[in-house]
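Remember, my numbering sits 70 above the position in the sequence shown when you count from 1.
Following: one structure in structure tokens, then a few remarks.
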Amino acid sequence: MSVLYLLALLVALGGMTVLDWHFHLFFWRSPLRATLVLGIGVLFFLVWDLAGIGLGIFYRGETTLMTGVQLAPELPLEEFFFLTFLCYLTMNLMQAIRLVLARRAVQ
């Protein structure tokens, strides 16, 4: 067991937070809406994962890089943080694209 993958995900989430703070992309633009959107996104993908696990499509691969803690059968702790990172990255990226396009339209 190792916390290496979880640590990498937490560092990546920290980087997303710094970018969000610096450019006011998601949480720093609208905290309540961002919390709601991120929560719904993570919940959607967790349900998706659980459905895939139930159908035998998804399974937990064995690796020494993960903690071994499971939130449910075949659902590792790291998956929650990965899905949070994925949704946060998407929202930051979408808002960054909107800001760039709006700035170009003004010029």
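All C-beta atoms in this analysis are idealised placements derived from N, C-alpha and C, irrespective of residue type, glycine included.
Asked	Found
Sufficient close CB pairs (3 or more, under 8 Å) joining the segment 84-95 to the segment 129-139	no
Rounded distance between the beta-carbons of Leu76 and Leu147, thought under 8 Å	7 Å
Simplified DSSP state of Pro146, which is helix, strand or coil	strand
Outcome for Thr154 when other beta-carbon atoms lying within 10 angstroms are tallied against a minimum of 16	buried
Distance between beta carbons of Phe97 and Ala104, contact taken as under 8 Å	4 Å
Beta-carbon spacing of Ser72, Leu135 below 8 Å	yes
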